[in-house]
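Report on the structure given below.
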Amino acid sequence: MPCFLNLQIEIYKSTNTKKDMQLENKLSTGQKKTLLCIFLGAFLLRVIFIFSYHNYDDIEKMKINGEEMIEIASHIVQGNGFSGKFILDTRVKPTAAMAPFYPYFLAFILQVFGKYGYLTVQLIQAVISSLICIIIYLTGLKIFDKKIAFIASILAALYLPLIYYCTVIWGAIFFAFLVTLYIYYLLRLQSDYNKYNLCFCGFILGIALLIDPVIVSFIPLSVLWLLFSLKTYIKISFKKVIMMLGITLVVITPWTIRNYILFNKFVFIKSQAGFTLWLGNNPHASGTERLVNDDSTEYKLPEEEYQYLTNLDESERDRYFLLKALAFIKENREKSIELFLKKFKSFWWVIEKKTTGFSENTKIAVMKITYGIPFVLALVGLLLSIKQIKSYMLIIFLFISLSFIYSITVFPVYRYRLPVEPYLLLFSSVSLSQLLQNIFTKAGAEAKT
4 MPCFLNLQIE IYKSTNTKKD MQLENKLSTG QKKTLLCIFL GAFLLRVIFI FSYHNYDDIE
64 KMKINGEEMI EIASHIVQGN GFSGKFILDT RVKPTAAMAP FYPYFLAFIL QVFGKYGYLT
124 VQLIQAVISS LICIIIYLTG LKIFDKKIAF IASILAALYL PLIYYCTVIW GAIFFAFLVT
184 LYIYYLLRLQ SDYNKYNLCF CGFILGIALL IDPVIVSFIP LSVLWLLFSL KTYIKISFKK
244 VIMMLGITLV VITPWTIRNY ILFNKFVFIK SQAGFTLWLG NNPHASGTER LVNDDSTEYK
304 LPEEEYQYLT NLDESERDRY FLLKALAFIK ENREKSIELF LKKFKSFWWV IEKKTTGFSE
364 NTKIAVMKIT YGIPFVLALV GLLLSIKQIK SYMLIIFLFI SLSFIYSITV FPVYRYRLPV
424 EPYLLLFSSV SLSQLLQNIF TKAGAEAKT
């Protein structure tokens, strides 16, 4: 009988705890109205920018940052399948040079909306970018408080890179959205576990991989975090993690099978891993987008090597570059470390060198205002909230994963950093919240005197 009573008490406690967690995850009517206003305001700003920047009917301007995506999507629309002609290709052929989600999405929109296709894509990206503001609010609510969450969502709504990338024909906005969504749902699983959230996490991760497989670098740390965050025995937690990864595997398997049929060997989503590693690790690598000779002139592959590579298929070329990169790293450890540190610094600071439609001076000013200031504020915010590091360790793991993988491989460009920037805005909000609190406290004290 006592055992039965104890069991009833435990069930009652468990039920109450679950109810408390569900209440915690529910937003008040006021919060919902606030979020709707933030979303609409963010969307309006993005729409104004899209029509002001007006590149949606200028294919050459869009190709500056999205040539590969546009080429593959065009071939899909023409009935040639997922194909293109890229570096070292002598003709158009089926490819795995790009991850599949965005080119197929782009092709679908172009097929349906015709000459208004690119404008439609940019407007959809404006919606996705605006949703990031909402997710950052919800994440801020999970980790900090309402005030910090609100400030972060306002910053995200006004943040120029999140506005500008709505006009870029690339998967950057989609990827940033899915990364923030994945992290938010992992945080939800920590306090409110259910199978639907777990399966949704696996699905989000799978789609993110099909947009940019670089997220694979975050999987080990995020899975480890989840394993120790679930409030169950480790054996049960392990089974839950396996379930989530199983869903991810189901999402990416069809494309992996397609690649195997195409190349007759395993190719994980993209056939560019070896090439990107070589771009960042070879005797002519500079830690930037340029490969240079000793006299600072641009490096080009020797004609004999170039001809040899054109006769290989994508997967064979990728293996060739992979082996060359690994050999360079092994034989030139000091140089490799130097390149790593240079790329690490670039990941956190450099602005993309490609022409974006702005003048060089304007780009530098934009960098300082829209990224430099939030970056410094984020560092301060991290220091101010260091006692809460356990609650945002998952975000730190994201910082480590993406900066590390890009510092090892190819030179960083601006869009590579976009998925971490919403979290820099979140930590900036910690600084701004503290600053506002100090100002109001001081003003209140002066008013009393």
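Per our numbering, the very first residue in the sequence shown carries number 4; after that it's consecutive. We put the CB at the ideal spot given by N, CA and C, even for glycine. Predicted, not measured: the structure shown is a model, and the values here were computed from it.
Helix, strand or coil, according to DSSP, for residue i in the structure here?
| i | result |
| --- | --- |
| Gly174 | coil |
| Gly447 | helix |
| Gly283 | helix |
| Val270 | coil |
| Val295 | strand |
| Ala102 | coil |
| Ser388 | coil |
| Lys66 | helix |
| Leu165 | helix |
| Thr251 | helix |
| Ser31 | coil |
| Ile442 | helix |
| His78 | helix |
| Tyr199 | helix |
| Gln275 | coil |
| Phe343 | helix |
| Asn314 | coil |
| Pro425 | helix |
| Asp148 | coil |
| Thr142 | helix |
| Pro216 | helix |
| Phe231 | helix |
| Val182 | helix |
| Val353 | coil |
| Thr412 | coil |
| Asp60 | coil |
| Asp92 | coil |
Could you check the C-alpha separation between residue i and residue j for me, to the nearest Å?
| i | j | result |
| --- | --- | --- |
| Phe324 | Gly44 | 47 angstroms |
| Leu91 | Ser410 | 25 angstroms |
| Ile137 | Lys150 | 14 angstroms |
| Leu439 | Ala152 | 14 angstroms |
| Tyr236 | Leu229 | 12 angstroms |
| Glu341 | Ser289 | 10 angstroms |
| Leu252 | Ile442 | 51 angstroms |
| Asn262 | Ser318 | 10 angstroms |
| Lys390 | Thr142 | 18 angstroms |
| Glu292 | Lys242 | 43 angstroms |
| Ala175 | Glu424 | 12 angstroms |
| Ile51 | Leu113 | 22 angstroms |
| Lys445 | Ile403 | 38 angstroms |
| Leu429 | Val413 | 28 angstroms |
| Asp215 | Ile166 | 20 angstroms |
| Leu122 | Ala110 | 13 angstroms |
| Tyr187 | Ala76 | 31 angstroms |
| Ile272 | Lys145 | 33 angstroms |
| Asp316 | Tyr199 | 41 angstroms |
| Val95 | Asp195 | 50 angstroms |
| Lys338 | Ser55 | 45 angstroms |
| Leu80 | Lys268 | It is worth fixing the name first, because residue 80 is Val in this sequence and not Leu. Distance between the alpha carbons of Val80 and Lys268 is about 27 angstroms. |
| Glu301 | Ile62 | 28 angstroms |
Are residue i and residue j closer than 8 angstroms when you measure CB to CB?
| i | j | result |
| --- | --- | --- |
| Leu126 | Ile53 | yes |
| Thr170 | Asn58 | yes |
| Leu382 | Leu435 | no |
| Val353 | Gly384 | no |
| Val217 | Ile408 | yes |
| Tyr168 | Ala155 | no |
| Phe350 | Arg420 | yes |
| Trp281 | Lys327 | yes |
| Ile41 | Ala129 | no |
| Leu397 | Leu233 | no |
| Ser431 | Leu30 | no |
| Ile260 | Phe206 | no |
| Phe89 | Ala102 | no |
| Met65 | Ile172 | yes |
| Leu312 | Arg320 | yes |
| Thr365 | Tyr162 | no |
Any idea which residues DSSP pairs residue i with across the strands?
| i | result |
| --- | --- |
| Ile97 | In the sequence on display, residue 97 carries Pro and not Ile. Paired residue(s): Ser86. |
| Ala288 | Leu294 |
| Glu301 | Val295 |
Query raised in the report: Touching or not, the segment 66–81 and the segment 34–44, by the rule of three or more beta carbon pairs under 8 angstroms?
Result: With a cut-off of 8 angstroms on Cβ pairs, the segment 66–81 is not in contact with the segment 34–44, counting fewer than three such pairs.
Query raised in the report: Are the segment 176–188 and the segment 207–214 touching, with three or more C-beta to C-beta distances below 8 angstroms?
Result: These segments touch.
Report task. Examine the Cβ distances between the segment 79–87 and the segment 101–111 and report whether three or more of them are shorter than 8 angstroms. Result -> The segment 79–87 makes contact with the segment 101–111; the number of CB pairs closer than 8 angstroms reaches 3 or more.
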